[in-house]
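Enquirer: In short: position in the sequence shown from 1, add 100, done, that's this note's numbering.
Here a beta-carbon is modelled for each residue, glycine too, at the ideal position from N, C-alpha and C.
All figures in this text were calculated on a predicted structure; none of them were measured in a lab.
I'd like to ask some things about the structure below.
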Amino acid sequence: ADASYLLPERLLEATVAVGEAQKSGDAGKIAKAQEELEAVKKAQAVAASATVPQAPADAPSSAQ
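Printed below as a string of structure tokens:
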């Protein structure tokens, strides 16, 4: 099942986790939270590239 619809929520949660980790000052928590944030961003990029049409938008497919 495709769970890409959850990516915006995961991004929000990961961003909040980074902020909370930075407030705590714990380098380990900061690194872990940043890794999760980067993983979510990468997943979003993959999901976005899967939905992008391959033909240029300004060239109609019926062009002769």
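#1: Could you tell me whether the Cβ atoms of alanine 103 and valine 140 are closer together than 8 Å?
#2: Take the Cβ of valine 118 as the centre, count every other Cβ of all protein chains shown within 10 Å, and call the residue buried at 16 or more, exposed below.
#3: Quick one: residues in its chain with C-beta nearer than 6 Å to the C-beta of lysine 129, no 5 flanking neighbours on either side, listed in chain order?
#4: Would alanine 148 be called buried (16 or more neighbouring beta carbons within 10 Å of its own) or exposed?
#5: Near glutamine 134, which residues of its chain fall below 7 Å by C-beta distance, leaving aside the five closest residues on each side in sequence?
Expert: Let me spell this out:
#1: Contact flag unset, no.
#2: Burial call: buried.
#3: Excluding positions up to five away in sequence, the list reads Ala121.
#4: With fewer than 16 Cβ atoms within 10 Å of its Cβ, alanine 148 is classed as exposed.
#5: In its chain, beyond the 5 residues on either side, Val118 have a beta carbon closer than 7 Å to the beta carbon of glutamine 134.
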